[in-house]
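Residues in the sequence shown are numbered from 4 upward in steps of one, following the working numbering.
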Amino acid sequence: MPIYTPPLRDMQFVLHEVFKVTDEFKAMPAHAEVDADTINAVLEEAGKFAAGVAFPLNISGDTEGCKLDTATHEVTPPKGFKEAYRQYVEGGWPALSCDPEYGGQGLPHTVNQCLYEMLNSANQAWTMYPGLSHGAYEALLAHGTDEQKKTYLPKLVSGEWTGTMCLTEPHCGTDLGMLRTKAEPQGDGTYKLTGNKIFISAGEHDFTENIVHLVLARLPDAPKGSKGISLFVVPKFKVNADGSLGERNPIFCTGLEHKMGIHGNATAQIAIDGATGTLVGEPNKGLAAMFVMMNAARLGVGNQSLGLTEVAFQNALAYAKDRIQMRSLSGKKAPDKEADPIIVHPDVRKMLLTAKAYAEGARALQVFCTLLLDKAHGHPDEKVRKDSDELVALLTPIVKAFVTDNGHVATNACMQVFGGHGFIKEWGMEQFVRDNRINMIYEGTNTIQSLDLLGRKVLGNNGATLKKFGKLVGQLVAEEGVNEKMAEFINPIAYLGDQMTKFTTEIGFRGFQNPDEVGAAAVDYLRVAGHLVFGYLFARMAQVALREIAAGNTDPFYVAKLQTARFYFAKLFPETATLMRTARAGSKVLMDTDAALA
Ligand SMILES: Cc1cc2nc3c(=O)[nH]c(=O)nc-3n(C[C@H](O)[C@H](O)[C@H](O)COP(=O)(O)OP(=O)(O)OC[C@H]3O[C@@H](n4cnc5c(N)ncnc54)[C@H](O)[C@@H]3O)c2cc1C
């Protein structure tokens, strides 16, 4: 059976030692009182829930899956899921980072993100039920009317109800401009919605008495394409004026997808047959409103892969120490045994360290981003809010695509450590690979993320936000440029930072002449940018570790951190050279291939 220990020490390192989050919180009125002890205590309890309640249901949930009763349209998730959700709600976890005005505990996003990392390690399929609800909460908080907020937010915050996001239709996923679900005004402020949605995560279940669907649909006079999409809130059960539940709304689960992973999550086909909804935000501005939820979800998807990378690493490490096979090339390491443990073999270590580096880089990136989100929402200085918002927008596609692609590499590497046993279900490793695979697809495929990064976030503003991130790299280089001990961490990012400017200008220039050049370079470009960000974060982590060691701290944690950073810069970061080369190979070799693809 797989194991999982919440990585509290590494979380505390990133939160308190690298980012000094409580100093940052002091500047934000809503979080000024949040101290390190509170954060640590919350995370310790969160870890107990994740490891003790959600994790034991991971394999059974995968094996059992969800069941649909086609007569009643009701869905039963795997055994134990409902009870775990009840415990989650009783523990007050859905409310952790929500607004106190609606019953939330008001803790920073940064802390909530750490809770979610542990839940994702423990059980991604289960975690998606509360995860989607939190996204619905964010969208309604940002764009709901007072009435909608009063009706739905307290219930979503307490966990009494859950939420979904209903965008995808059978003929449109990426290109939402083609969506056909219709919303007819009824003259009383409500709308009647009709259409079919597919692939709706957590779309039906028996955890709660109501489900709040956020649905994209078209008004009768809507312009064609993405400029004619509006957002509606459509509850499973209508809500009476006094808050009690009214009649069943005709929004039904008509089928469940049979899929590669996350079997414990109900991926629902939803028929909307004249269901009553109310408009969220302005008519035809639904995509913008939904983007609040989508951006939160994109960071959340990166977090899913961080969780899976961490748990896969922990299991592979334990196995590699235990499994004996062959002798070390450099002489016996366990002469008392029939063979050496496989951890002595260089390539097994490479697989383990790849997963460890990708987990630790992703954890630092998630904290970096959610701290920026906290500043963007709650910092009193308008310039700080604006800068933080821009930076998090730049980093969001990197979190979504780079971390989930890395998760694919890492979970596969960890499965490989198990040899043939990794392919066998009972070890749990193949499930981590399968569960991670969707993270590269939903919430906008990783290709779409890379187009968003290069096309909109970088070239779209002439590299202005990228320069802001470059400034952070420049500051670190200036601070540590003469420190010989930091040279191995600083030189690569200083060099790549310089290269990046030329690289971006070159791709931008080519893209100006032929837009396919942007499409051809974008995926490679995002990976290069991802490494620049990870390189910056590993350099900051190494900086802290070196300072602690210099001050006489003998905690092996810091030595481990330096070793992981060294591995990262030596073995993973250098792929940037190849990626820049393949990006520069241009679009012709892709587009002039009609004969090859005939
Ligand atoms: C398990 C699961 C859960 C999901 N949960 C939800 C949910 O809760 N709510 C919801 O609304 N949706 C959900 N989805 C849908 C998901 O977000 C979509 O599948 C995804 O956005 C891709 O859309 P598609 O499947 O239609 O692929 P398509 O849009 O048909 O794309 C096919 C391929 O073409 C590529 N492509 C498309 N356009 C371009 C372009 N311009 N440039 C380059 N390449 C392009 C894509 O990257 C992809 O590789 C879920 C899907 C799954 C499988």
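By construction, the Cβ of each residue, glycine as well, lies at the ideal position given by its N, Cα and C atoms.
Backbone secondary structure at residue i - three-state DSSP
i	result
residue 89	helix
residue 327	strand
residue 278	strand
residue 446	coil
residue 187	strand
residue 469	helix
residue 3	The chain is shown from 4 up to 601; residue 3 falls before or after that span and cannot be answered.
residue 458	helix
residue 147	coil
residue 344	strand
residue 271	strand
residue 266	coil
residue 484	coil
residue 336	coil
residue 208	coil
residue 576	coil
residue 198	strand
residue 100	coil
residue 393	helix
residue 1	This structure leaves residue 1 out entirely; the chain is present only between 4 and 601.
residue 590	coil
residue 427	coil
Residue from the options whose Cα sits closest to the Cα of residue i
i	options	result
residue 549	459, 519, 488 and 536	488
residue 384	7, 246 and 30	30
residue 206	217, 196 and 334	217
residue 2	309, 551, 352 and 451	Examination of residue 2 is not possible in this model, given that the chain is present from 4 through 601 alone.
residue 520	230, 589 and 466	589
residue 541	363, 10 and 166	363
residue 158	149, 169 and 136	136
residue 308	253, 328 and 401	401
residue 234	279, 449, 365 and 480	279
residue 18	179, 211, 371 and 539	371
residue 70	593, 266 and 509	266
residue 532	479, 43, 255 and 502	502
residue 82	504, 66, 74 and 97	66
residue 272	514, 256 and 286	256
residue 252	281, 510 and 355	281
residue 529	420, 397, 421 and 553	397
residue 391	4, 457 and 472	472
residue 105	436, 116, 144 and 133	144
residue 433	477, 315, 454 and 553	315
residue 112	574, 389, 302 and 248	302
residue 254	246, 338, 241 and 248	241
Range covered by the beta strand (DSSP E) that runs through residue i
i	result
residue 175	Note, residue 175: premise wrong, no beta strand (DSSP E); not H, not E.
residue 63	Unbroken run through residue 63 is the alpha helix (DSSP H), 61-67; no beta strand (DSSP E).
residue 79	77-79
residue 240	240-242
residue 42	Taken as a continuous stretch (DSSP letters only), residue 42 belongs to no beta strand (DSSP E), being part of the alpha helix (DSSP H) at 39-52.
residue 256	254-259
residue 167	164-169
residue 20	Note, residue 20: premise wrong, no beta strand (DSSP E); not H, not E.
residue 72	70-72
residue 499	From DSSP, residue 499 is part of no beta strand (DSSP E) but of the alpha helix (DSSP H) over 490-516.
Near ligand 1: residue i beta-carbon under 7 Å from a heavy atom
i	result
residue 447	yes
residue 454	yes
residue 308	no
residue 475	no
residue 522	yes
residue 3	There is simply no residue 3 to check, as the chain begins at 4 and stops at 601 in what is shown.
residue 170	yes
residue 444	yes
residue 403	no
residue 262	yes
residue 184	no
residue 265	yes
Alpha helix (DSSP H) segment containing residue i, residue limits
i	result
residue 520	519-553
residue 381	349-381
residue 213	Looking at the DSSP string, residue 213 is not in any alpha helix (DSSP H); the run it does join, the beta strand (DSSP E), is 213-220.
residue 285	Taken as a continuous stretch (DSSP letters only), residue 285 belongs to no alpha helix (DSSP H), as it is neither H nor E.
residue 567	559-570
Cβ separation of residue i and residue j, assumed to be a contact under 8 Å, to the nearest whole Å
i	j	result
residue 568	residue 594	About 40 Å separates the two Cβ atoms, so there is no contact after all.
residue 354	residue 416	4 Å
residue 211	residue 163	6 Å
residue 198	residue 177	Not quite, the Cβ-Cβ distance comes to about 18 Å (not below 8 Å), so this is no contact.
residue 203	residue 167	6 Å
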